[in-house]
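In my numbering, the protein residues as written are 767 to 973.
For glycine and all other residues, C-beta sits at the position ideal for the given N, C-alpha and C.
Below you can see the structure in the form of structure tokens.
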């Protein structure tokens, strides 16, 4: 078993553990199935990666995860997260390592794909309100002269702040946009699932 597969297992376990909370959030402003869908998608991703002959290279693993999410996660989240993982996988090359520059590159690729697919921006009350602040922590102007684990910690804090921000704004995209102003005061389920995934990865790397 390789470390990248261990990381996937850690993220999947965290998503599955938060399944009911994510679903309860989504029941308030969406279809009420985000947690169930995400849990199913990550179980499928684990199975797909398990069947790979070689899990030592991040690119193929990330693409496999993305395709599994597209095929198994219902609603908008599957295509969006799936596109993000696939694009991150495509951005991997021989210079991709566990460092600030590589993490920024992969997150930027994922965010660009999600923005293109969802036609959303920061401030629309979506997963991007977590993912963009997380990515910004790894930009050269914010990460300069900091060790990797300090940047990872900064990004964990930014993820929480992004989720809290979504409580203060009305949804402008997706099913939640139909409830409009009534979505204020409720965390965006996609922003929360993004935080859960990032923080699980952070804890895995820290340990």
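Going along the chain, which unbroken runs of the alpha helix (DSSP H) with 4 or more residues stay wholly within the region 838 to 879?
843 to 857
What is the C-beta distance between residue 896 and residue 961, in whole angstroms, given that I count them as a contact (C-beta under 8 Å)?
5 Å
Let me know the secondary structure DSSP gives residue 910 once reduced to three states.
Residue 910 falls in the coil class under three-state DSSP.
Measure the CB-CB distance between residue 849 and residue 828 and report whether it falls below 8 Å.
Between residue 849 and residue 828, the CB-CB gap reaches or exceeds 8 Å.
If you drop the 5 nearest sequence neighbours on each side, which residues of the same chain put their C-beta closer than 6 Å to that of residue 808?
778, 781
Would you call the region 815 to 827 and the region 791 to 804 touching, i.e. three or more CB-CB distances under 8 Å?
Result no; under three Cβ-Cβ pairs closer than 8 Å.
On the three-state DSSP scale, how would you describe residue 923?
helix
Which word fits residue 916, buried or exposed, when buried means at least 16 other C-beta atoms lie within 10 angstroms of its C-beta?
exposed
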